[in-house]
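Note sheet for the following structure.
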Amino acid sequence: MSLHPQPSTPVPLQTRQVAQAAFPRGNCYLPLRDTLGTLYDDALFADLFPPRGQAAQAPWQLALVTLLQFAENLSDRQAADAVRSRIEGKYLLGLELTDPGFAFRILSEFRQRLVAGKAEDRLLTHLLTCC
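Printed below as a string of structure tokens:
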């Protein structure tokens, strides 16, 4: 998998409207996205991907899913299902409500890249810097 950096995009209007209707009193993931944006960007992980090959899932999205996974003690499959089926997951990642998500195995591949590149601490370090 190679990295083809993807700029973060605003939360799609329909996703925003549905999330706000579903969570009128709020949800912990909505203000996270609204306050910190995407939190991560692809440039933070560029050195972990070769310059050529099939495009990888956006690393900034996988980093956010990894945080969600940790916060909720989810398996890779459960985390991928959360992105596919939960409004707040789509909101956090700036996805259309109809987005099919990604294969769960991509999460372990992302973590393997972090370990292989000796970049395990990037997620936490960057999060702490932002906070």
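Just so we're aligned, residue 121 is where the sequence shown starts under my numbering, counting upward by one. Where a beta carbon is used, it is the ideal one built from N, C-alpha and C, also for glycine.
For R197, which option in R206, S128, A223 and I207 has the closest C-alpha, if you only look at C-alpha atoms? Within the sequence shown, residue 197 is the residue found at index 77, counting from 1. Nearest C-alpha to R197: A223.
Considering only their Cβ atoms, is the gap separating L212 from Y160 smaller than 7 angstroms? One-based indexing of the sequence shown puts residue 160 at position 40. One-based indexing of the sequence shown puts residue 212 at position 92. No; because the gap between Cβ atoms is not below 7 angstroms, this pair is not in contact.
Can you have a look at L248 and say buried or exposed, based on whether 16 or more other CB atoms are within 10 angstroms of its CB? Mapped onto the sequence shown, residue 248 falls at position 128. L248 should be labelled exposed.
If distances are taken between C-alpha atoms only, which option among E229, F165 and V203 comes closest to D219? The residue labelled residue 219 in the question sits at position 99 within the sequence shown. The candidate whose alpha carbon is nearest that of D219 is V203.
Short check: CB of C139 to CB of I207, under 7 angstroms? As a working mapping, residue 139 is identified with position 19 in the sequence shown. As a working mapping, residue 207 is identified with position 87 in the sequence shown. Cys is not the amino acid found at residue 139; the sequence shown has Ala there. Cβ atoms of A139 and I207: closer than 7 angstroms.
What separation, rounded to the nearest whole angstrom, lies between the Cα atoms of G209 and H246? Translated into the one-based positions of the sequence shown, residue 209 becomes position 89. Translated into the one-based positions of the sequence shown, residue 246 becomes position 126. Their backbone Cα atoms lie some 20 angstroms apart in a straight line.
With distance defined between alpha-carbon atoms, name the residue in T135, A166 and A183 nearest to T158. Working through the sequence shown from its first residue, we reach residue 158 at position 38. Nearest of T135, A166 and A183 to T158, Cα basis: A183.
In this structure, how does DSSP classify P171 when only helix, strand and coil are distinguished? Reading the sequence shown from its first residue, position 51 is the one you call residue 171. Coil.
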